[in-house]
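Below you'll find the structure, written out as structure tokens, and then a few comments.
In the numbering used here, the protein residues as written are 32 to 82.
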């Protein structure tokens, strides 16, 4: 059980790091509508929310 929790926590941390990275990239492209769609596309491809 504790091993599962550790793995889960690491996974959550990696996902949140990916989200931060995607947000940074999105803001870099935020000057144009095309950049916005690139940012959204990267966020969709970059990680899959586990809802």
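Beta carbons are placed, not taken as given, at the ideal position from N, Cα and C, and that holds for glycine. Since this is a predicted model, take the numbers as computed values, not measurements.
Query: Please classify residue 53 as buried or exposed, where buried requires at least 16 neighbouring CB atoms within 10 angstroms.; Result: buried
Query: Given a cut-off of 8 Å, decide if residue 74 and residue 57 are closer than it, judged by their beta-carbon atoms.; Result: yes
Query: Which word fits residue 70, buried or exposed, when buried means at least 16 other C-beta atoms lie within 10 angstroms of its C-beta?; Result: buried
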